[in-house]
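One structure is given here, and the rest of the page talks about it.
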């Protein structure tokens with residue numbers, strides 16, 4: 021038998037007390053019985069007490085196990101009653117002059133499921149007013165004078181499904197309120213003073229889209245929203261609500277889709293269903309490749325581009341929505357456009373999987389996925405009779421595309437330029453090769469960049485065993501990858517050590533002409549063997565030009581530029597993606613106006629001579 025200690029249920033305490041009645045001596049048992057009678061009578065008074073300004077009614081079964089309803093509608097009531105029956109399941113406090121709901125006003129009503137406080141004078145609610153109402157299903161506060169609602173208090177009501185705030189004075193819904201709305205199935209904010217809503221307001225119920233169907237005969241869970249009769253300012257902030265009013269959504273239903281814009285002036289009085297927002301475009305995002313196969317330990321660049329208005333924000337996540345812990349570069353070349361590049365360095369098997377590029381603005385969001393596959397199981401086959409290998413022979417390396425394996429076999433072929441058939445190349449095996457010229461080719465058409473390391477000869481790289489991509493040493497425009505071969509070859513191999521500690525600072529333009537510029541910079545933490553790469557292109561274009569800079573000089577001249585054009589140039593260590601502070605934007609000089617006028621004058625004079633001279637000769641002949 022359980023002893024009666026603090027925290028023990030009343031039923032167990034009473035059972036223990038009756039057990040003692042049969043064990044104690046007669047006098048002590050009689051005394052205990054008297055105490056029990058007093059306690060039971062007190063509990064009954066507490067259980068059945070009803071405030072004088074309220075009426076209490078027990079509805080349900082005849083065995084006193086029904087639900088207790090309490091109605092308080094005295095016009096003189098100015099504060100929330102505190103001595104309500106503890107078994108109250110439905111409480112209605114209506115048409116009173118109550119102006120505030122204090123902290124923990126209903127904490128003892130642990131069985132309360134319905135709380136209606138409509139048409140009072142409530143102007144303020146404490147954030148902890150609804151503390152301990154864990155069974156509450158419905159909260160109605162319509163017809164009051166609330167200017168704001170403590171949204172954080174919804175945490176104390178985990179089973180709340182209906183929230184009615186109709187006909188109040190609420191002017192805004194804060195951004196942090198979105199996280200507390202996901203359990204609601206009915207939210208009425210109509211007839212308030214709302215002009216806008218958080219951009220993520222509808223995202224509160226985005227989880228419903230991922231819930232599988234409960235059966236062919238069961239309708240999906242629906243969310244009912246009341247937003248009508250508010251002075252809405254129709255712009256991108258509520259573009260999702262405007263779009264919702266135009267389409268039939270099985271998940272979110274508007275009580276009244278015939279809502280009207282109040283502002284701006286050119287949309288005043290226009291129905292949501294007919295409103296056309298200017299410069300408000302949901303993001304559209306795409307990646308340079310959907311699938312990429314990369315060698316174990318190599319470096320990979322993933323790029324995505326997005327358009328939309330306002331200019332969308334881009335974020336990278338893994339398939340489980342965890343953030344990506346790699347270097348990310350973002351740039352917005354113009355309004356409504358943004359691109360992002362993520363650099364995966366020294367990838368391992370744990371880096372394989374899906375990478376999501378998410379674009380988001382006030383008008384909505386979208387995403388695109390890149391799947392990265394990591395291969396590189398290395399096996400080396402060496403001929404049993406090594407004495408037959410001739411001096412000067414070099415191994416020819418082949419990779420079996422089916423398994424991503426690297427096999428080394430003897431060969432007597434030797435040439436100044438080398439050719440590889442590559443599917444997946446392990447950095448360890450490449451480093452052990454005596455072939456120093458190795459090229460790295462981008463499979464992303466948005467980047468179209470290649471880097472050649474420590475080589476004076478052009479190198480032919482065959483990603484698919486058929487097509488050759490030729491890369492020259494001292495600066496060349498690199499052809500974009502074939503659209504049907506996206507993702508076959510990853511960026512960047514590990515042919516030789518990289519100078520990753522080198523730092524480029526104070527990049528600037530020192531000489532600028534119509535067709536060339538000279539860049540200079542300071543290099544820190546570098547060695548005589550480290551190499552630098554210069555990447556440049558016209559501003560806003562995706563095709564990059566590559567130039568290998570002399571490691572002994574801290575400057576380079578870019579020739580062949582167009583007059584009066586804006587360019588972007590980046591200087592970075594070889595094999596390392598450029599950082600934002602390693603890039604500079606510059607413009608070439610315009611064509612001299614005097615030269616243009618002089619050229620025009622020469623053309624006009626020549627034309628006049630061609631026409632006038634024959635005429636003069638003809639006249640002289642006649643004379």
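In our numbering, the protein residues as written are 21 to 643.
Built from N, CA and C at the ideal position, the CB exists for glycine as well.
Fair warning: this is a prediction, and the values are worked out from it, not measured in the lab.
Tell whether a beta-carbon distance below 8 Å holds between residue i and residue j.
i           : j           : result
residue 212 : residue 168 : no
residue 390 : residue 372 : no
residue 166 : residue 143 : yes
residue 161 : residue 184 : yes
residue 248 : residue 275 : yes
residue 257 : residue 284 : no
residue 383 : residue 305 : no
residue 605 : residue 591 : no
residue 303 : residue 326 : yes
residue 111 : residue 135 : yes
residue 537 : residue 531 : yes
residue 564 : residue 539 : no
residue 214 : residue 190 : yes
residue 181 : residue 209 : no
residue 315 : residue 396 : yes
residue 360 : residue 324 : yes
residue 91  : residue 75  : yes
residue 147 : residue 178 : no
residue 585 : residue 608 : yes
What's the C-alpha gap between residue i and residue j?
i           : j           : result
residue 330 : residue 298 : 11 Å
residue 582 : residue 322 : 30 Å
residue 149 : residue 301 : 42 Å
residue 107 : residue 156 : 13 Å
residue 246 : residue 223 : 16 Å
residue 67  : residue 78  : Note on residue 67: pLDDT 48, under 50, position unreliable in the model; no value is reported.
residue 466 : residue 596 : The pLDDT assigned to residue 466 is 36, lower than 50, so where the model puts this residue is not dependable, and the model offers no usable value.
residue 364 : residue 259 : 36 Å
residue 93  : residue 109 : 17 Å
residue 569 : residue 343 : 35 Å
residue 207 : residue 309 : 43 Å
residue 194 : residue 71  : 37 Å
residue 123 : residue 339 : 43 Å
residue 533 : residue 580 : 11 Å
residue 97  : residue 103 : 14 Å
residue 313 : residue 392 : 6 Å
residue 186 : residue 200 : 18 Å
residue 89  : residue 269 : 37 Å
residue 541 : residue 571 : 12 Å
residue 320 : residue 567 : 20 Å
residue 355 : residue 594 : 32 Å
residue 507 : residue 280 : Its pLDDT being 39, under 50, residue 507 is placed unreliably in this model, and the coordinates cannot settle the point.
I'd like to know if residue i contacts chain D, where contact means its C-beta is closer than 8 Å to some C-beta of that chain.
i           : result
residue 569 : Included in the structure is just one protein chain, with no chain D present.
Give the range of the beta strand (DSSP E) segment to which residue i is assigned.
i           : result
residue 111 : 108 to 113
residue 291 : Looking at the DSSP string, residue 291 is not in any beta strand (DSSP E), and its letter there is neither H nor E.
residue 357 : 357 to 364
residue 593 : 586 to 593
residue 646 : With the chain covering only 21 through 643, there is no way to say anything about residue 646.
residue 118 : Note, residue 118: premise wrong, no beta strand (DSSP E); not H, not E.
residue 225 : Note, residue 225: premise wrong, no beta strand (DSSP E); not H, not E.
residue 278 : First-last for residue 278: undefined, no H or E at that position.
residue 328 : 320 to 329
residue 391 : 384 to 395
residue 197 : Taken as a continuous stretch (DSSP letters only), residue 197 belongs to no beta strand (DSSP E), as it is neither H nor E.
residue 646 : No statement about residue 646 is possible, as the shown extent of the chain runs from 21 to 643 and does not include it.
residue 4   : Outside the displayed span of the chain (21 to 643) sits residue 4, for which this structure offers no information.
residue 313 : 311 to 315
residue 97  : Premise fails: residue 97 is in no beta strand (DSSP E) and is neither H nor E.
residue 206 : 206 to 208
Alpha helix (DSSP H) containing residue i: first to last residue?
i           : result
residue 264 : 259 to 266
Original post:
Any contact of the segment 592 to 609 with the segment 348 to 366, i.e. 3+ C-beta pairs under 8 Å?
Top reply: Contact between the segment 592 to 609 and the segment 348 to 366 is present, because at least three Cβ pairs lie under 8 Å.
**OP:** Enumerate, from N- to C-terminal direction, the unbroken beta strand (DSSP E) stretches of 3 or more residues contained entirely within the segment 130 to 193.
**Re:** For the segment 130 to 193, whole beta strand (DSSP E) runs of length 3 or above, ordered along the chain, are 134 to 136, 158 to 160, 182 to 184.
**OP:** Taking 8 Å as the threshold, find out whether the segment 553 to 571 comes into contact with the segment 629 to 643 through three or more Cβ pairs.
**Re:** Output reads no: the segment 629 to 643 does not touch the segment 553 to 571.
Subject >> Touch test, the segment 328 to 342 against the segment 265 to 273, Cβ-Cβ under 8 Å, three pairs minimum >> reply: Short answer: they don't touch.
Original post:
Where in the segment 526 to 575 do unbroken runs of the beta strand (DSSP E), each at least 3 residues long, occur, reported from the N-terminal end onward?
Top reply: For the segment 526 to 575, whole beta strand (DSSP E) runs of length 3 or above, ordered along the chain, are 537 to 544, 552 to 558, 565 to 569.
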